[in-house]
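Residue numbers (my numbering), protein chains in the order written: chain D, 4 to 320; chain A, 21 to 311.
Backbone N, C-alpha and C define an ideal beta-carbon position, used for all residues, glycine too.
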Amino acid sequence: MRNAFFVLVIAVVGLSVSNAYHFQLLTFIGINTLLALGLNMLMGYAGQISLGHAAFYGLGAYATAILTVHLNWSPWLALPVAVVLTVVIAFLVALPMLRLSGFYLGMGTLGFGMIGYIIFREWSRFTGGDSGLVGIPSLELGPISFASARNYFYLVWAVVLVCLLLCERLVDSRVGRGLRAIHDSEQAAAAMGIDTSRLKIQIFVLSAVFAALAGFLYAHLVNFISPGSFDFLVSVRIVTMVVIGGMASIWGSLLGASLLTVLPEFLQAFADSEMIVYGLILMVIMIFLPQGLTRGIMDAYEGARTRKASKSASINS
Amino acid sequence: MQEFLQYVFSGVTNGSVYAIIALGFSMLFSMTGLINFAQGEFVMLGALGMISLWKGAGLPLPAAIVLSTIGVSAVGLLLERAAIRNVRKPHPIVLVIVTIGASIFLRGAGMIGWGKESYSSPAFSRQGAFEVAGATLLPQSLFILAAVLLIVFGLQFFHRRTLTGKAMLACAISKRAAWLQGIPSERLVLLAFALSAGMGAIGGILIAPISMSSYDMGMTLGLKGFCAAMLGGLGSSLGAVLGGLLLGLLEAFGVGFFSSSLKDAIAFVLLLGILYVRPGGILGAKVVKRF
């Protein structure tokens with residue numbers, strides 16, 4: 004029901020919007036939703052923080068950019084290579100990293116993210132260094148060209164839809180229950196017979212693949228990438244989307260991604276204070292609504308409803 | 021030989037600054053179990069504050085240093101009082117995000133206050149560079165080294181000889197038990213925040229004359245300070261100094277023998293290495309919070 008509604012909304016939006024800038028914004032929301040969705044599986048459900056997700060985002064983007072620009076590969080051939088590469092690297096990173104917890108995990112993933120950023124910046128023979136990589140081809144599929152803003156919008160949101168459905172199924176499955184058990188108490192989960200380290204590695208790899216997919220879509224959308232799009236602040240922004248939208252809420256990721264994609268467009272009005280406002284939002288939400296906006300609004304709504312119900316009950320009696 | 025000595029000088033100089041920042045991390049961690057991601061922003065505020073007070077407002081150097089340090093300590097105090105203490109669910113992930121939020125906030129404040137340009141500060145003394153066996157040694161390096169020694173011995177004295185210092189150690193061992201003994205642990209946590217912010221500021225003040233300062237200098241320095249603290253063993257002040265010097269020397273030799281573009285990567289590779297192999301650090305306990 005909800006999914007059918009979602010498809011309907013996308014179709015209607017895609018048909019009614021005609022402004023190229025709005026399409027661009029909506030497409031970015033889709034890409035960011037992918038990023039937030041992946042991290043939410045890791046952070047919201049399994050309770051493992053990653054401050055280095057921009058590295059996987061960049062990995063997806065740079066892998067396809069290097070293959071298509073330098074080697075003239077077809078993007079559709081580059082995509083599986085990028086995904087496999089991400090799986091391998093994410094696995095190698097997760098193996099030792101997920102033995103850490105809390106602050107140590109945060110710092111470790113941050114270190115990984117910084118190394119990724121430094122590689123994108125310094126390995127200039129392939130990545131173009133600071134000045135970036137130009138001339139990434141647009142996507143084409145037979146007669147359909149995705150250079151058109153509307154087509155790309157549909158493509159991105161189709162991918163988002165598939166990933167959303169996948170996550171929905173995953174969350175309600177045995178795996179999802181296992182992840183939530185890890186979130187609450189890793190020892191207890193292990194005592195119940197859950198292979199916690201295996202599950203954590205699997206979910207880390209999954210979220211990295213989502214990020215790489217987002218990177219792939221990003222690279223072919225803007226046709227130009229530079230290291231600045233994959234630095235520490237981007238990792239933080241992904242975390243923020245998850246946190247603001249609501250940890251452990253799939254549709255919250257969509258909300259968080261939408262808010263944080265649209266918000267900077269408004270904040271440009273007060274250009275210099277953007278960072279201050281951003282930091283403040285992050286702090287205030289975490290301090291007062293540690294469950295995120297979705298849960299916070301839902302709780303407030305529930306609270307108001309029960310209060311109203313008790314009020315009318317007292318009038319009737 | 022001459023080159024070797026030059027690398028050692030620059031390594032020890034930078035390493036000492038990392039050590040001071042690491043001491044700030046370490047002290048806060050042993051008191052509260054918290055890693056403050058905004059520590060680097062205190063470094064930035066200290067450096068820019070000192071430059072403004074000294075060169076901008078024309079105060080004498082010692083006054084500028086003291087005022088800048090006190091100001092940053094006050095910011096640290098405010099951070100604890102206004103943000104950290106009010107966190108409803110002090111889960112590590114929540115605290116990480118709150119301190120990251122604080123660091124972005126402070127960086128934004130620094131950008132509004134000082135703009136995007138870089139500032140340089142003259143050296144603390146007019147004495148020219150010394151020459152030791154063909155290598156140059158800046159007087160600023162001696163200032164930095166002296167400051168590290170002073171801070172380490174000062175901290176030792178504080179913890180061993182003063183009642184407040186002893187109370188802080190008691191809190192670090194068990195906050196609850198200390199509280200039951202009548203130690204005002206909440207106030208001591210505030211003090212720890214102020215002290216660690218102040219130490220960050222001193223690190224920034226010392227590094228200002230040997231590198232450019234700008235609103236975004238905090239992240240790299242903060243991370244390197246954290247690497248140093250991890251390297252030596254989080255929570256041990258001797259370890260922080262050891263880790264800082266080690267990191268500084270490795271960086272200097274890395275730049276000297278390989279390439280300068282790799283300089284920043286060294287710290288992070290070291291960080292990952294130490295997290296994998298020995299999360300307790302060189303001087304720390306062997307197993308710290310793995311699982």
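> Which first and last residues belong to the beta strand (DSSP E) in which THR156 (chain A) is found?
Replying inline: 155-157
> With a cut-off of 7 Å, does the C-beta of GLY306 (chain D) fall near any C-beta of chain A?
Replying inline: no
> Pick from D:ILE139, D:GLY259, D:HIS25: whose alpha carbon is nearest that of THR243 (chain D)?
Replying inline: D:GLY259
> Checking contacts by CB at 7 Å: is ARG5 (chain D) closer than that to chain A?
Replying inline: no
> In whole angstroms, what is the alpha-carbon distance linking ASP198 (chain D) and VAL178 (chain D)?
Replying inline: 10 Å
> With burial defined as no fewer than 16 other Cβ atoms inside 10 Å of the residue's Cβ, what is the status of ALA303 (chain D): buried or exposed?
Replying inline: exposed
>> Taking a contact to mean a Cβ-Cβ separation below 7 Å, would you say TYR107 (chain D) touches GLY17 (chain D) in this structure?
In response: no
> Around the C-beta of LYS109 (chain A), are 16 or more other C-beta atoms found within 10 angstroms, so that it is buried, or is it exposed?
Replying inline: exposed
> Assuming GLN12 (chain A) contacts GLY44 (chain A) under a Cβ cut-off of 8 Å, what Cβ separation, rounded to an integer in Å, is found between them?
Replying inline: In the structure as shown, chain A begins at 21 and stops at 311. Residue 12 (chain A) is therefore absent and cannot be evaluated.
>> For the pair the stretch 121-135 of chain D and the stretch 212-223 of chain D, tell me if three or more CB-CB distances fall below 8 Å.
In response: no
>> Threshold first: 4 residues or longer. Then list the alpha helix (DSSP H) segments lying entirely within the stretch 152-206 of chain A, N to C.
In response: 159-181, 183-193, 195-200
> Using CA coordinates, which residue listed in D:ASP187, D:ALA97, D:GLY105, D:LEU236 is at the minimum distance from PHE207 (chain D)?
Replying inline: D:ALA97
> Quick one, are the C-beta atoms of GLY255 (chain A) and PHE62 (chain A) less than 7 Å apart?
Replying inline: no
> Going straight from the alpha carbon of ASN22 (chain D) to that of ARG153 (chain D), what length do you get?
Replying inline: 10 Å
>> Any C-beta of chain A within less than 9 Å: which residues of the stretch 170-189 of chain D qualify?
In response: GLU189
> Which residues of chain D have a Cβ atom closer than 8 Å to the Cβ of SER216 (chain A), listed in chain order?
Replying inline: By Cβ distance, chain D contributes nothing, its closest Cβ being about 15 Å from SER216 (chain A), past 8 Å.
>> Among A:GLU100, A:ALA153, A:GLU271, whose alpha-carbon lies nearest the alpha-carbon of GLY31 (chain A)?
In response: A:GLU271
> When we look at the beta-carbon of LYS203 (chain D) and count the other beta-carbons within 10 Å, is it buried (16 or more) or exposed?
Replying inline: buried
> Is DSSP giving PHE26 (chain D) helix, strand or coil here?
Replying inline: helix
> According to DSSP, which residues form a beta bridge with ILE52 (chain D)?
Replying inline: Answer is none; ILE52 (chain D) lacks a bridge partner.
> How about the stretch 60-79 of chain D and the stretch 227-242 of chain D: do they share at least three Cβ pairs that are nearer than 8 Å?
Replying inline: yes
> So, using beta-carbon positions, are GLY223 (chain A) and VAL37 (chain A) closer together than 7 Å?
Replying inline: yes
> Do three or more CB pairs link the stretch 83-91 of chain D to the stretch 233-242 of chain D at distances below 8 Å?
Replying inline: no
> What first and last residue would you give for the alpha helix (DSSP H) that runs through HIS186 (chain D)?
Replying inline: 177-187
> chain A partners of SER2 (chain D), CB-CB under 8 Å?
Replying inline: This structure cannot speak to residue 2 (chain D), because chain D is shown only from 4 to 320.
> How about GLY295 (chain D) and GLY231 (chain D): do their beta carbons lie closer than 7 Å?
Replying inline: no
> Using a Cβ-Cβ cut-off of 7 Å (strictly less than) and excluding sequence neighbours within five positions of HIS186 (chain D), which residues of its own chain qualify?
Replying inline: TYR48, ALA49, GLY50
>> For a quick check, are the C-beta atoms of VAL152 (chain A) and VAL261 (chain A) less than 7 Å apart?
In response: no
>> With H, G and I counted as helix, E and B as strand and the rest as coil, what does DSSP make of SER19 (chain D)?
In response: helix
>> Would you say ASP284 (chain A) lies against chain D (beta-carbon separation less than 7 Å)?
In response: yes
>> Let's see if you can read the secondary structure: which residues bound the alpha helix (DSSP H) around SER88 (chain A)?
In response: 81-98
>> Report the CB separation of LEU291 (chain A) from MET232 (chain A) in whole angstroms; it is logged as a contact under 8 Å.
In response: Between MET232 (chain A) and LEU291 (chain A) the Cβ distance is about 24 Å, and since that is not below 8 Å, they are no contact.
>> Helix, strand or coil, according to DSSP, for GLU125 (chain D) in the structure here?
In response: helix
> Any beta-carbon of chain D closer than 7 Å to the one on SER281 (chain A)?
Replying inline: yes
> Can you tell me whether ASN43 (chain D) is buried or exposed, with buried defined as 16 or more other CB within 10 angstroms of its CB?
Replying inline: buried
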